[in-house]
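Asker: I am attaching a structure below and will ask some questions about it afterwards.
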Amino acid sequence: MKKTLLAVCIGSAILLSGCQNAPDNTHHNSLQLSEFKNVLNRRGNPSALFDTDEYSNLRYNAFVDAGAWHGHLLPDTPEGYGAFGGIMLVTQEYANYIADQSFDVLSVQNNKTHQHISLSQAKKAEIYSTPDALHQDLIFDDFDVHMTLRFATNRTSLLKTTLTNKTDTSLDLALQWHGKLLDNADNWAKTHFYHRINDNGSGVSFVFRKTEGHGIKTAKDSEFMVRRSLNGTTAINPQQYSYKSESSVLIKPNTSTRVYTTYSYVHNPNEAAREEQRVQHILKHADAYMKKTIGRWEGYLNHGLNNPDATKSRENVAVKAIMTLNGNWRSPAGVIKHSTVTPSVTAPYFSGNDTWPWDTWKQAYAMAHFNPDVAMENIRTVFQFQIQENDPIRPQDKGYLLDVVNYNLPENRGGHSENNAASENWNERNTKPSLAAWSVMEVHHALVNEFNRADDAQTWIDEMYPKLVAYHDWWLRNRDHNGNGIPEYGAAVDPAHNTRDGHMYIRLWTNEEGKLKDLVGEEHLKKIDKKGGVTGYQVIGVNAYNKVLDHYDTLGVTAYENGAQEATGWESGMDNAARFGFIDDLALTNNDDTIHSTSDAIQSDQLGRYAARHYGFHNQIVGSTASWKYQDQSQKNMDKLSKARKDWQVRFAENRDKNSGQLLGFSMLQESVDQASYMYSDNKYLAEMAKQVSENIKEKERGEEFAHKSDDIKHYINTCMFDDNSGFFYDIRMVDKNGKKSAYQKQGITCAGTVLKERGQAPEGWSPLFNGAATREHADRVISSMLNPDTFNNAVAFPHKGISLATASRDNPAYNPDIYWRGRVWLDQFYFGLSALSQYGHKNDAIQMAEDLFHNGKGFKEDGAIRENYNPETGAVQGASNFSWSAAHTYLMYRDYFKE
1 MKKTLLAVCI GSAILLSGCQ NAPDNTHHNS LQLSEFKNVL NRRGNPSALF
51 DTDEYSNLRY NAFVDAGAWH GHLLPDTPEG YGAFGGIMLV TQEYANYIAD
101 QSFDVLSVQN NKTHQHISLS QAKKAEIYST PDALHQDLIF DDFDVHMTLR
151 FATNRTSLLK TTLTNKTDTS LDLALQWHGK LLDNADNWAK THFYHRINDN
201 GSGVSFVFRK TEGHGIKTAK DSEFMVRRSL NGTTAINPQQ YSYKSESSVL
251 IKPNTSTRVY TTYSYVHNPN EAAREEQRVQ HILKHADAYM KKTIGRWEGY
301 LNHGLNNPDA TKSRENVAVK AIMTLNGNWR SPAGVIKHST VTPSVTAPYF
351 SGNDTWPWDT WKQAYAMAHF NPDVAMENIR TVFQFQIQEN DPIRPQDKGY
401 LLDVVNYNLP ENRGGHSENN AASENWNERN TKPSLAAWSV MEVHHALVNE
451 FNRADDAQTW IDEMYPKLVA YHDWWLRNRD HNGNGIPEYG AAVDPAHNTR
501 DGHMYIRLWT NEEGKLKDLV GEEHLKKIDK KGGVTGYQVI GVNAYNKVLD
551 HYDTLGVTAY ENGAQEATGW ESGMDNAARF GFIDDLALTN NDDTIHSTSD
601 AIQSDQLGRY AARHYGFHNQ IVGSTASWKY QDQSQKNMDK LSKARKDWQV
651 RFAENRDKNS GQLLGFSMLQ ESVDQASYMY SDNKYLAEMA KQVSENIKEK
701 ERGEEFAHKS DDIKHYINTC MFDDNSGFFY DIRMVDKNGK KSAYQKQGIT
751 CAGTVLKERG QAPEGWSPLF NGAATREHAD RVISSMLNPD TFNNAVAFPH
801 KGISLATASR DNPAYNPDIY WRGRVWLDQF YFGLSALSQY GHKNDAIQMA
851 EDLFHNGKGF KEDGAIRENY NPETGAVQGA SNFSWSAAHT YLMYRDYFKE
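Using the UniProt record's numbering, read the sequence shown as starting at 1 and increasing by one per residue.
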């Protein structure tokens, strides 16, 4: 069989621009990378291992490229001139700094005059970044220093230092470098992280210990290596993890000399040995490596910048998005065999090579247009761990995709070893919504239409189609409780959700132990640790859980945890959305150490306000920290609160194999309109794919089945999930507030239940529009809400500040502009909203909302990082910095909605 370009491009060849072989079809004749200086602020001087901002992001935007596992910063002050320090390591699952701006700083001594010159004394200095590199141009009387750093491989960055003699006599110079590692005030790193420093002759190596916890995770003898093209001498201080190196050069009059330095971070001795060989080749052919990197980046921009109507400032934002996504690219390491893209290299909890399916679908959809090989590799990483029928832990989940995979396996899959600890963030408790086929087909179309790679596109869908079908089938087998083809969100069989013998449980802390025992029976209770001095219990079994819901307000509950509910939120991608029963409840705030004042308590009383509005509850609050309560404690008043709470309770059911009775997982008894819409698209794309895959591909014959299913789901969504009174799409309650089945007949089909409009409007309501499943009549009414300043059109409600299409309408009972998925603006749902508007005849409104985001979202027009989410009323940044799916949708907005 003919070997396609796709196969050639995998692995290290991803770094070569030759993989993107199509002629440039954009509006640019030839893009110059120098057109995009300082698009993202790369300056910084870390002062600690975790020098972080208010959202726990690493404070500075390190430059990382080519899938590497370390980054550099531009100096923030003249003291850092002559170095690209601020070294950030990506350590399996996290990221942290190991050095400040002066690491490996260069200074110069004139061997003839013995004058020592610090590069901080430059008469003129230009310190800047381009998408592909960091630069320093330092001007002196007798000589100039020009420094450029690019990434040469997926483990090594390459610094070219050019020294130019501007005089008519030779310059005999001693080049001196020095550096040391950061530590915390308690010297934690020296005793737990750093192991030793080695003099390597042409450089130094810092060797690390096996480390886990504390937000740092390294294997024994992982290593950061510095190598130079000049021989010299090095003195090391093992106690301080510092060094001084020196080499000499003689520069003839009016000529230049070049010195090359490499910086490599490797995970283990095997990688170190391999990279040492590559470094020797790099140092011998440094300019060729530099040119390859330039060509690679020119390829990204020449393909990616294709909007002739975008202004320069909008184009800068697109470049920033491309830089962000490429910066979050990690090359294969640990158990992950492919390149992947993580949510954020600078948010330690989203770094390493942590890979989520939901992020992947959106990242790959965007990267298909400028870096399709990494887009494909990112998707392959998710499917590398797709559950097979012989899986030792969850064979019942054949076809399932795990929520988070990363560098090492978890302990229950054998991830722990003498030299490396098991994964700390691997998660099998849930999956994510299926936009996989949507993403795979976008890569396919881009390969054909934008890169002239039809053979690779065919190979791609032939590879992915059977895996996508297996995932599709898993949803219908393990998450479709009533078997109607509309799967629910839920939770997998997992110790966080169920006992060893397969019974779902919750955890609660109560002042009414006797009542709890009488209600559910002691055989359904297991005592757990106290919280705030209150006794805790594991309540075992779905029936016991339902009894707790029915009598919740009699049990004196002070804290409550439902692992299945948490996983269901995660599975939806909208972790704590209102529709899954999440609302601030005063009864649970007394254990919340963020509630310090009456005003805090009032703000957190969302359930009380809801009860007041809908049931006439008197919700005046009295008390003080840790003892807040409602002033009116009469039974009549508290009964009204109980009625309100029932609107927010969620019920679960066990899903079992019809033949064997084996437990398959748990479904929240709620059909979600976004998941139904994604399944509509999933069927539609699988039907399209089935027509195009090669004849020998498994499941090809199911194309008509998928086409019919998409039609059925579209009809179901419009018949059962739209509320005529409010003009919006909602999730469906599969049981009523008392747990009774609530299916009914409508227009010849069985609806699983009534719409769940009590929990307010949110972006899932425009998911049928984004996916093209809504009728025109229904879409027009949804769009009325989207454009309403009192609900979603925040840019109109808050002129020059607001951002529209937040994750809850402002009249949603659980709305707060600071809450993760109940107020903040997430750019995936924002973009889905723009697409919804555009598909149904409101593209001008979509363009206007995109413009409002561009002007009002902090950092978009400036050099700030693209963030995880934004405040809908002020435009303030929130969450993780350099966030991939935000960058992906920013890039897609540039393609579709950023106009002059």
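Heads up, the beta-carbon is just placed ideally off N, CA and C, and yes, glycines get one too.
Treat the numbers as computed from the prediction; the structure is a model and nothing was measured.
1. Rounded to whole angstroms, what's the CA-CA distance from residue 634 to residue 751? Just pull it up for me.
2. Between the alpha carbons of residue 324 and residue 879, how many angstroms are there, rounded?
3. Considering only the beta carbon of each residue, do residue 99 and residue 158 sit closer than 8 Å?
4. Taking all protein chains shown into account, decide if residue 25 is buried (16 or more other Cβ within 10 angstroms of its Cβ) or exposed.
5. Could you tell me the alpha carbon to alpha carbon distance between residue 778 and residue 768, rounded to whole angstroms?
6. Return helix, strand or coil for residue 23, following the three-state DSSP convention.
7. So, for residue 505: in the same chain, excluding its five sequence neighbours on each side, which residues have a beta-carbon less than 7 Å away from its beta-carbon?
8. Could you check whether residue 810 and residue 828 sit closer than 8 Å to each other, using their CB atoms as the reference points?
9. Can you name the residues that DSSP bridges to residue 173?
10. Would you kindly report the start and end of the unbroken alpha helix (DSSP H) that includes residue 459?
11. Identify, in the order they occur along the chain, each residue of the same chain with its Cβ nearer than 8 Å to the Cβ of residue 409, setting aside the five sequence neighbours on each side.
12. Put residue 450 into one of helix, strand or coil per three-state DSSP.
13. Out of 196, 536, 277 and 595, which one is the CA nearest neighbour of residue 241?
14. Let me know if residue 613 comes out buried or exposed under the rule of 16 or more other beta-carbons within 10 Å of its beta-carbon.
15. Where do the N-terminal and C-terminal ends of the alpha helix (DSSP H) with residue 782 fall, by residue?
16. Does residue 435 come out as helix, strand or coil in the three-state DSSP assignment?
17. Just confirm the distance between the C-beta atoms of residue 679 and residue 487, as a whole number of angstroms; I'd bet it's less than 8 Å.
18. For residue 746, list the residues DSSP reports as bridge partners.
19. Taking just the CA atoms, how far does residue 899 sit from residue 310?
20. From the DSSP output, which residues share a beta bridge with residue 158?
21. Closest to residue 316 by CA distance: which of 861, 559, 578 and 666 is it?
22. Looking only at DSSP bridge pairs, what is residue 96 linked to?
23. Within the region 503-556, note down every full alpha helix (DSSP H) run reaching 4 residues or more, in order along the chain.
24. Can you tell me where the alpha helix (DSSP H) holding residue 830 begins and where it ends?
25. Return the chain-ordered list of same chain residues with a C-beta closer than 6 Å to the C-beta of residue 764, the five sequence neighbours on each side being excluded.
26. Could you give the DSSP three-state label for residue 284: helix, strand or coil?
27. My assumption, with CB atoms under 8 Å, is that residue 717 sits in contact with residue 773. Please give the rounded CB distance.
28. Return helix, strand or coil for residue 341, following the three-state DSSP convention.
29. Sort 480, 290 and 400 by Cα distance to residue 389 and report the nearest one.
30. Spell out a yes or no on whether the region 360-379 and the region 438-446 are touching, meaning 3 or more CB-CB pairs, one atom from each, closer than 8 Å.
31. For residue 733, which three-state DSSP category applies?
32. Excluding the 5 residues preceding and the 5 following residue 857 in the sequence, name in chain order all residues of the same chain whose CB lies nearer than 7 Å to its CB.
33. DSSP three-state call for residue 67: helix, strand or coil?
34. Beta-carbon separation of residue 341 and residue 378 under 8 Å?
35. Given this structure, state the Cα-to-Cα distance separating residue 269 from residue 356, to the nearest angstrom.
36. Would a C-beta distance cut-off of 8 Å place residue 370 and residue 322 closer than the cut-off?
Answerer: Reading from the atomic positions:
1. 39 Å
2. 15 Å
3. no
4. For residue 25, the predicted model reports a pLDDT of 40, less than 50, meaning its position is unreliable; a value from the coordinates is still stated below. By the 10 Å Cβ count, residue 25 comes out exposed.
5. 10 Å
6. Reliability fails at residue 23, whose pLDDT of 38 lies under 50, so the model's placement of it is uncertain and the value that follows must be treated cautiously. In the structure shown, residue 23 sits in coil (DSSP, three-state: anything other than H, G, I, E or B).
7. 498, 499, 538, 539 and 540
8. no
9. 110 and 249
10. 454-478
11. 335, 415, 422, 423 and 426
12. coil
13. 196
14. exposed
15. 776-786
16. coil
17. 7 Å
18. 749
19. 5 Å
20. 150 and 262
21. 861
22. 89
23. 513-520 and 542-550
24. 827-839
25. 673 and 674
26. helix
27. 5 Å
28. strand
29. 400
30. yes
31. strand
32. 803, 870 and 875
33. coil
34. yes
35. 28 Å
36. yes
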